[in-house]
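Numbering (the working numbering), first residue to last: 3 to 144. Built from N, CA and C at the ideal position, the CB exists for glycine as well. These notes concern the structure reproduced below.
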Ligand SMILES: Nc1ncnc2c1ncn2[C@@H]1O[C@H](COP(=O)(O)OP(=O)(O)OP(=O)(O)O)[C@@H](O)[C@H]1O
Ligand SMILES: [Mg+2]
């Protein structure tokens, strides 16, 4: 599935459309360069689940947003390897809710095979190509 976005608001809308398909236990890796819109997309995804304010967890590594399904928003920019993530309790988050990970490419080989990936490609200052991989599910299949 491929989307085109021409501003941050559209990226939030695309996030909302992705959010509708997600269920407890899903792991979504968001891949894209610095400032591409990973956190912005997550704001949209979270809208379907929680009213909590979404912000970048780059210093704390993980934010939790409470709601009908808890969302664990990871930003692993500062994490060196998967072991460091294990040390901060990664295994305790699995299957507790939906996990969204910025910079997921760093731990791709450690993530389950059925993880969903969203790639954000910067075209120019405001244009993005957003590609979703492995989301093999229909709206009613929850
Ligand atoms: N089409 C677009 N989609 C998303 N963000 C956009 C778009 N066009 C411009 N922007 C701007 O790009 C920035 C994206 O910031 P955001 O924090 O979401 O990126 P990020 O990928 O999470 O960054 P980081 O790598 O620091 O975590 C925002 O300032 C946003 O307004
Ligand atoms: Mg971010």
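Distance CB(residue i)-CB(residue j) smaller than 8 Å
i          : j           : result
residue 4  : residue 131 : yes
residue 96 : residue 87  : no
residue 58 : residue 73  : no
residue 46 : residue 71  : no
Same chain only: Cβ atoms within 7 Å of residue i, ignoring 5 sequence neighbours per side
i           : result
residue 40  : 32, 34, 104, 122
residue 77  : 58, 59, 60, 63, 104, 105
residue 1   : For the chain, the structure presents residues 3 to 144; residue 1 sits outside this window and is missing.
residue 108 : 78, 81
residue 10  : 39, 42
residue 84  : 109, 112
residue 93  : none
Unbroken alpha helix (DSSP H) run spanning residue i, endpoints
i           : result
residue 120 : Where residue 120 is concerned, there is no enclosing alpha helix (DSSP H), although the beta strand (DSSP E) it sits in stretches over 118 to 124.
residue 88  : 84 to 89
Beta carbon proximity, residue i to chain B, threshold 8 Å
i           : result
residue 109 : In the structure shown, chain B does not exist; there is a single protein chain.
Continuous beta strand (DSSP E) stretch holding residue i: start and end
i           : result
residue 102 : 100 to 104
residue 64  : 64 to 67
residue 77  : 73 to 77
residue 133 : 130 to 135
residue 30  : 29 to 33
Residues near residue i by beta carbon distance below 6 Å, same chain, minus five either side
i           : result
residue 120 : 32, 134
residue 13  : 7, 39, 42, 43
residue 67  : 48, 52, 54, 73
residue 18  : 46, 49
Distance cut-off 7 Å: residue i Cβ against heavy atoms of ligand 4
i           : result
residue 139 : Ligand 4 is absent from the structure shown, which contains only ligand 1 and ligand 2.
Residues of its chain near residue i, where Cβ-Cβ distance is below 8 Å and the 5 sequence neighbours each way are ignored
i           : result
residue 136 : 116, 117, 118, 119
residue 114 : 29
**OP:** Just jot down, in chain order, the residues whose CB lies closer than 6 Å to any heavy atom of ligand 2.
**Re:** 40, 41, 58, 77, 104
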